[in-house]
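Q:
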DNA sequence: TACCACTTTGGTAGTAACTATCACCAAGGT
DNA sequence: ACCTTGGTGATAGTTACTACCAAAGTGGTA
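Pasting the structure below:
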C-alpha cells in the first residue's frame, strides 16, 4: 500500500518534489514506518525480486549451450512469466504498475542509477547460477562478461517497452535486443524450460 | 587538488565515513568551494571525460563494419590512450590514480550506481556517434542494444583490471571481455584509427 | 597608481534523507 | 497475570546539498 501511494505521488508530482513525509501522510502511517519497510526512498520504486527467478531458470538450463544463449533464454522466459504474456489489447494491473515504475526508473537519475546497480547484483546471481568452475578465473571472467552484456541488452529492451507503453510484448523485445547485440542465431527459438 | 585529497581520504577511511567538510579542511578550502567544483560527493571520484574520446573514435570508424566491432575497437583504443600502454613493470601515477578511483567505484554502492548511470550517458553518445539513421526506430534500437552490451562487457574488464591491480594491460582485458561476450571474431586484430 | 568588470571563494540559513534510541501497543503462549 | 514478539511511533541528531548574498583576488585600461 505504501509503495502504491509512493509510485502514484512520484508520477504525479515528480520524484524529487515528493518527500517521504508526504508519502507517509498519503498512506496514513508515520515516516518511521515507511523507512522501516523501504530503507531508502529509491526502494519505494525499485523493490524487485526477479533475481531469484532468473537465477533458477539459468540453473535449470542445459549447460551444453553457449553462455549467452542460456542467459538470454532465461531472461526471455522470466519476462514471459512476469508480464503474463498472451493477452491482447488491455494491460493487466500488474503490467500497468510495472510500467509506471519503469518510467520513473528511466526518467529519474537517482532511480536509474540504483536500478542499474541492482542489475549488478543480478549479474552476480546469474554467474553463480551458471554453475561454472569458480576456481578458473578465465571461465569466471567469461561468464561475467556474457552476463553483463546480456543484462545490458535486456535493459535496452525494457526502455523500449516503456517508450512503447507496453504495446509490444516484452519477451519479444528482449529477444530482438539480444539478437541485435549477439546475432540472430543466439535466440532463434524454443525455451530452455523443461515441460 | 581537491579531488586528490578526496580520493585519498575515501581510500583511507571509507567513502561514507568521510564528510565533505573533512575533505574541504584537508584541501584547505571551504565546503562551499568543494560543492562548486563537484556538484555531488560522488563526483569527487567519478569525474571522467572519456565520453568525448570514445564518441570521436567511433565517428571516425568505418561504417561498413558491424556495430559491435566498431564500438568494441573504439573502447579498446580509448583504453590504450588512457592508460598509456606499452610500459612494463611500474604503473604511472595516472594509472595509480585511476586504479584508486576504480576500486572506490566498485566497492561503494553509491559510487557504483552513479558510475553505471554515467555509462548510460556514454551509451547515448555512442549511439549518436554511430551516425545511423535516427528516423528508423529499429536501427536505433539495434544500436542501443549493441552499445549497452559492449559497455557492459567493458565494465567487467574494468573490474577485472582493478582486481588485478593493473597488472594486465587494460586494452587486452577489454578485448578478452568482448570476445567472451560476442565471439572471438569480433575483435580479432588491428585498430580502427587512421594512421 | 587607481579604477573597474569578472571570476572565484566564503558565510549563513534552510531543506530533506536518513539513523539511533527509546517507548508504546496488540497478539499469543504459558 | 506475565512475558515475548512484531509492528508502530516520537524525538533528536547527522549530513548532503541549495539559495542567497558578501568578500576577495585577477586582469585590463587610463
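Residue numbers (the numbering used here), protein chains in the order written: chain A, 258 to 452; chain B, 258 to 452. Built from N, CA and C at the ideal position, the CB exists for glycine as well. Computed from a predicted model, the values in this text were never measured in an experiment.
Quick check: the Cα distance between residue 386 of chain A and residue 409 of chain A, rounded to an integer number of angstroms?
A: The alpha-carbon atoms of residue 386 of chain A and residue 409 of chain A are separated by roughly 18 Å.
Q: If I follow the unbroken alpha helix (DSSP H) through residue 265 of chain A, where does it start and stop?
A: That run of the alpha helix (DSSP H) goes 259-270.
Q: For residue 434 of chain B, is the classification buried or exposed, using 16 other Cβ atoms within 10 angstroms of its Cβ as the cut-off for buried?
A: buried
Q: Pick out whichever of A/402, A/355 and A/388 has its Cα sitting closest to the Cα of residue 422 of chain A.
A: A/355
Q: Give the straight-line distance between the Cα atoms of residue 325 of chain A and residue 373 of chain A, rounded to the nearest whole angstrom.
A: 20 Å
Q: Measuring alpha carbon to alpha carbon, tell me which of A/341, A/359 and A/329 ends up nearest residue 405 of chain A.
A: A/329
Q: Excluding the five sequence neighbours on either side, which residues of its own chain have a C-beta within less than 6 Å of the C-beta of residue 427 of chain A, listed in chain order?
A: Exclusion of the five residues before and after residue 427 of chain A leaves 336, 340 and 418 as the residues of its chain whose Cβ lies within less than 6 Å of its Cβ.
Q: Please compile the residues from chain B whose C-beta is within a distance smaller than 7 Å of the C-beta of residue 298 of chain A.
A: Under the 7 Å cutoff, chain B gives no residues; its nearest Cβ is about 13 Å from residue 298 of chain A.
Q: How about the region 260-273 of chain B and the region 351-365 of chain B: do they share at least three Cβ pairs that are nearer than 8 Å?
A: yes
Q: How far does the alpha helix (DSSP H) with residue 427 of chain A in it extend, from its first residue to its last?
A: 427-439
Q: Answer yes or no: do residue 259 of chain A and residue 303 of chain A have a C-beta to C-beta separation smaller than 9 Å?
A: no
Q: Any beta carbon of chain B sitting closer than 9 Å to that of residue 335 of chain A?
A: Not closer than 9 Å to any Cβ of chain B, the Cβ of residue 335 of chain A fails to qualify, so no.
Q: With residue 403 of chain A and residue 438 of chain B assumed to form a contact (beta carbons below 8 Å), what rounded beta-carbon distance in angstroms separates them?
A: 5 Å
Q: Less than 9 Å between the C-beta atoms of residue 313 of chain B and residue 375 of chain B, yes or no?
A: The beta carbons of residue 313 of chain B and residue 375 of chain B sit no closer together than 9 Å.
Q: Would you mind reading off the limits of the alpha helix (DSSP H) that contains residue 348 of chain A?
A: Per DSSP, residue 348 of chain A belongs to no alpha helix (DSSP H) and is neither H nor E.
Q: Does the distance from the C-beta atom of residue 431 of chain A to that of residue 332 of chain A stay below 9 Å?
A: Residue 332 of chain A sits close to residue 431 of chain A, with the two beta carbons spaced by under 9 Å.
Q: Using the beta-carbon of each residue, which ones in chain A are nearer than 7 Å to residue 406 of chain B?
A: 406, 409, 410 and 438
Q: Can you give me the Cβ contacts of residue 316 of chain A inside the same chain, cut-off strictly under 6 Å, excluding the 5 residues immediately before and after it?
A: 386
Q: With residue 325 of chain A as the anchor, note down where its alpha helix (DSSP H) starts and where it stops.
A: Per DSSP, residue 325 of chain A belongs to the alpha helix (DSSP H) from 324-340.
Q: Could you tell me which chain A residues have their CB closer than 8 Å to the CB of residue 369 of chain B, listed as they occur along the chain?
A: 374 and 377
Q: Does any residue of chain B have a CB that is nearer than 9 Å to the CB of residue 413 of chain A?
A: Judged by the 9 Å Cβ criterion, residue 413 of chain A is in contact with chain B.
Q: What three-state label does DSSP hand residue 299 of chain A in the structure shown?
A: Residue state, collapsed to three classes: coil.
Q: Determine the extent of the alpha helix (DSSP H) in which residue 287 of chain A is found, giving its start and end residues.
A: That residue, residue 287 of chain A, is in no alpha helix (DSSP H); it is neither H nor E in DSSP.
Q: Given that a residue counts as buried once 16 or more other Cβ atoms are within 10 Å of its Cβ, and exposed if not, what is residue 413 of chain A?
A: buried
Q: Are any of the Cβ atoms in chain A nearer than 9 Å to that of residue 361 of chain B?
A: no
Q: Among B/276, B/436 and B/350, which one has its Cα closest to the Cα of residue 411 of chain B?
A: B/436
Q: Which of helix, strand or coil does DSSP assign to residue 274 of chain B?
A: coil
Q: List the residues of chain B that residue 399 of chain A touches, going by C-beta distances under 8 Å, in chain order.
A: Contact annotation for residue 399 of chain A against chain B: 437 [CB-CB distance below 8 Å, chain order].
Q: So, at 6 Å on beta carbons, what are the nonlocal neighbours of residue 263 of chain B in its own chain, with the 5 sequence-adjacent residues on each side left out?
A: 280 and 301
Q: If you follow the alpha helix (DSSP H) that residue 417 of chain B is part of, which residue opens it and which one closes it?
A: 394-420
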